[in-house]
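One structure below.
2 protein chains.
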Amino acid sequence: MTPLSPTDQLFLWLEKRQQPMHVGGLQLFSFPEGAPDDYVARLAGQLREQSVVTPPFNQHLDYRLGQPVWVEDKHLDLEHHFRFEALPTPGRIRELLSFVSAEHSHLMDRERPLWEVHLIEGLKDRQFALYTKVHHSLVDGISAMRMATRMLSPDPDQRDLPPIWALPPRVSGGGEDGGGSLVRSIRHLLGESGRQLGTVPTVARELLKTVNEARKDPAYRSIFHAPRSMLNQKITGSRRFAAQSWSLSRIKAVCHAYGTTVNDVVTAMCASALRTYLMNQDALPDKPLIAMVPVSLRKDDSTGGNHVGVILANLHTDENDPEKRLIRIHEGMQAAKDRYAHMSPEEILNYTALTLAPAAFHLLTGMAPAWQTFNVVISNVPGPDGTRYWNGAKLEGLYPVSIAMDRLALNMTLTSYNNQVEFGLIGCRRTLPSLQRMLDYLDDSLTELEAAAGL
Amino acid sequence: MTPLSPTDQLFLWLEKRQQPMHVGGLQLFSFPEGAPDDYVARLAGQLREQSVVTPPFNQHLDYRLGQPVWVEDKHLDLEHHFRFEALPTPGRIRELLSFVSAEHSHLMDRERPLWEVHLIEGLKDRQFALYTKVHHSLVDGISAMRMATRMLSPDPDQRDLPPIWALPPRVSGGGEDGGGSLVRSIRHLLGESGRQLGTVPTVARELLKTVNEARKDPAYRSIFHAPRSMLNQKITGSRRFAAQSWSLSRIKAVCHAYGTTVNDVVTAMCASALRTYLMNQDALPDKPLIAMVPVSLRKDDSTGGNHVGVILANLHTDENDPEKRLIRIHEGMQAAKDRYAHMSPEEILNYTALTLAPAAFHLLTGMAPAWQTFNVVISNVPGPDGTRYWNGAKLEGLYPVSIAMDRLALNMTLTSYNNQVEFGLIGCRRTLPSLQRMLDYLDDSLTELEAAAGL
């Protein structure tokens, strides 16, 4: 029996019918060499036999003296958690994304361990997929990505690699995925009192007091400058997931041409796609959109402390010229990093937390604050180096499926794998119609930057 | 804009994460003669073109002055409502039932019209299925069944039959599906005040007062006699659906042998299956289980009024002998019908409503009342006569998918079609483990009765 941390409790509190708080990952595999046509069905049979479930996947939510705790589920029903499913004809990536869109919209059963793994057959070209869904209170996004990587091997000949729910438990454990999270920012701002979170109204009141004080402080005034946009409306319960891979070599060639980082280029791709999308919706704000971008602040000589900060990246969506837009984004990101370089760890924590606080306040109360600190989340999560295999099946791509929230209707999460940058976009299907078109706009943006650089 | 009736509002109030309030229907079809192998994919393409959506399927929930109303959805997204999906290998009925179990567990998006139609390919033997899901606040179970029948034709050569969401609206409209429903019983007991339902606590208090008075009244005392059982626990959010057809000729042969009705025999089959299931779970109560069985009370000379009553059928699950059990069930059903024959319409309404009130009280408050009036719902809904086709595809079977509720973890709904009796069992997957075994027990029961009758 393990009590839930206050942070993990918040993920349960924040969850509502139209705002599920689970994260997901989509892994696309190709059949091993020489595998039979019914390979996926056989794999499903083997996975059904993997009935020994290891922590945290064997833990379900319970209450002791009114406090939420994780306890071992004595009646774990693997058939509920592991599901073998199929795509309809013609089994393209489009059908796969539809499948994930629908599944990611569904709340999970709170009486059971909060995870599901869907093995998906019916993809064209001898491919199959795994869609894994885990509640954020059980595993955070980065830990989930690490686990999904731990079940893979660089060796195509290695067998007996267990599924994620049967991995041997790790000694060190997670917990230290760092900041950059709305919920962690709440906890930091509340300090010690956050460790004994009382009720949501109390938390919200404390948060509002802190934020209102910060708004008068010149050091933080620059935080409150994001425009209103259609990305920042209330959301509904149904999701659209869109995902695609781009070659890291192409992106690196653009970096070299302009003297920017990979992160600058992918941020500029997102900026350009958002600009085109909003223009087509006749909804581009005059003022530039602001993205919240978590960044690693780890220095080689640092010890302990919180190593993730957030940058409020000006996306310069008011700028028509793609090259100028990239350069300005690069300059802004660089300036933000320089500012962080001169901050103490305590100052970094404060700045990060205050940046996230208005969004957190809205999440807790449902009230739209009079100020918006950012319009969209663009998160880049490190992925595995080099090719990976799962019992001989080559991992072709992996795409993060994150969380859309009220007033943050779109989340763009990226990861890297095998000389690819993998984009996973999750959004509210009603607030953001035809969200999948952003994939075309992302591609247009990269092509445009290549052309401008004469590549 | 149409205000929701108080009854329909109650279905929204009663819904919670682990208790969705939608009803469903599963229709199994075979391919038309000479249809190509990709028939279902082509059908999906044709159905996607059916973008004119007729009432009530174009109505979504909204609020005006705090009151729920149905308004036309101006941004209806057919892709959200109509879904083309596939079963995994090997595409047996078992995979179909798994699919429906999972889908029926998911809440629907309240921002949109509350219905979904899933076209399912990948079944063996050139078959396909339609699973239709409609919120009970939009359409009640019997109306849904009627609509599902209206889209079919007795003529295998008829084409251009629209899907359910594009049916021409009916002039008469529904609303008069009669009693037998928990929610309608609440409304009746509250009389005029029920027409302006205030808050749930008010409704519950009024209900409790009425029920407590009835308990002292000798005329109603017999209502409060059901034992406690595992069927009457709190439920979780995940469902198991089990369905199968039995030949009406076999059932009628048993009827003739024992001089009972078809309804008596199917009730005895349910009784026997419940007895075996609970014995195997070591959970058969000493006292016999009581089923709530809605019955039609329409007489040829009656005009108006409520024509559905409920019978509290003693299932005699304490009786070991299957023949004696059937006979006793028959006698009990007959006695209940005779009692109804001597009641005035007002008395019928009161009796029905009071029978259902303790369950309704529990639903509203979450409190388990000290008395249980019945353990399980066994409902027999009339189906179409003769063979039906949908644009040349023969309907092979249709199975109702009803609602499991707190303290009523199992619902057994039956219908008739083309010389078959179709059973649809829906239950909470955790409260009632391996519920699907009931299908075997139902079959065993019929075989046993046949053998005893020397058939």
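Line by line, the protein sequences give chains G and F.
The opening position of the first sequence corresponds to residue 1 in UniProt numbering, with each subsequent residue numbered one higher.
The opening position of the second sequence corresponds to residue 1 in UniProt numbering, with each subsequent residue numbered one higher.
Ideal Cβ positions, reconstructed from N, Cα and C, are used throughout, including at glycine.
Given the structure is predicted, the values throughout are model-derived calculations rather than measurements.
At a cut-off of 8 Å between beta-carbon atoms, F:S238 makes contact with chain G. Think of a sphere of 7 Å around the beta carbon of G:T89: the chain F residues whose beta carbon falls inside it are D38, A41, E121, in chain order.
With respect to the C-alpha of F:Q18, the residue from F:F423, F:I235, F:L278, F:M367 having the closest C-alpha is F:I235.
With 16 or more other Cβ atoms inside 10 Å of its own Cβ, G:L442 counts as buried. The C-alpha of G:L425 lies about 16 Å from the C-alpha of G:S445.
Per the C-alpha coordinates, the member of G:V310, G:E206, G:E347, G:A166 positioned closest to G:E49 is G:A166. If you ignore the 5 residues before and after G:A341, its C-beta comes within less than 8 Å of no other C-beta in its own chain.
At least one C-beta of chain F is nearer than 8 Å to the C-beta of G:H106. Within the model, the alpha-carbon separation for F:N232 versus F:H362 is close to 11 Å.
Taking 8 Å as the CB threshold, F:E111 lines the interface with chain G. Of the residues F:D62, F:A253, F:G397, the one whose Cα lies closest to the Cα of F:R112 is F:D62. Here G:P36 is exposed. Its C-beta has fewer than 16 other C-beta atoms within 10 Å. CA-CA distance, G:A291 to G:T317, rounds to 11 Å. Between G:R430 and chain F, the shortest Cβ-Cβ separation is below 8 Å.
G:F31 does not reach chain F, its nearest Cβ partner there being about 14 Å away, counting only Cβ pairs nearer than 9 Å.
Contacts with chain F at 8 Å (Cβ-Cβ) do not include G:F11.
Our two residues, G:L274 and G:D155, have alpha carbons roughly 39 Å apart in a direct line. With its beta carbon at least 8 Å from every one in chain G, F:A353 lies outside the interface. Nearest Cα to G:E72 within the set G:F57, G:L65, G:R407: G:F57. Per DSSP, the continuous alpha helix (DSSP H) segment holding G:S272 begins and ends at 262-280. Residue pairing by DSSP places F:S247 opposite F:Q420 in a beta bridge. With a threshold of 8 Å between beta carbons, G:H136 makes no contact with chain F. With a threshold of 8 Å between beta carbons, F:E85 makes contact with chain G. Note: G:F29 is bridge-paired with G:F128, G:L395 in the DSSP secondary-structure output. Any Cβ of chain G closer than 8 Å to the Cβ of F:A102 would place that residue at the interface, and such an atom is present.
For a cut-off of 8 Å, the C-beta gap from F:L96 to F:L123 is around 6 Å, short enough to register as a contact.
Spanning the alpha carbons of F:L12 and F:D109 requires a straight line of approximately 12 Å. Around the beta carbon of F:P358, a 10 Å sphere encloses 16 or more other beta carbons of the protein chains shown; the residue is thus reported as buried.
Inter-residue distance for G:P322 and G:L455 is about 15 Å (C-alpha atoms, whole angstroms). Distance between G:L395 and G:L26, taken at the CA atoms: about 11 Å. Going by C-alpha positions, F:S98 is about 10 Å away from G:E85. Only buried fits F:E121, as 16 or more other CB atoms lie within 10 angstroms of its CB. Per DSSP, the unbroken beta strand (DSSP E) holding F:Y63 starts and ends at 59-64. For the set G:S247, G:R94, G:V52, G:R250, the Cα lying nearest the Cα of G:P168 is the one of G:V52. Comparing alpha carbon positions, the residue from F:D125, F:L107, F:K252, F:V262 closest to F:G237 is F:L107.
When C-alpha distances from F:R407 are compared across F:P88, F:V376, F:L114, the shortest belongs to F:V376.
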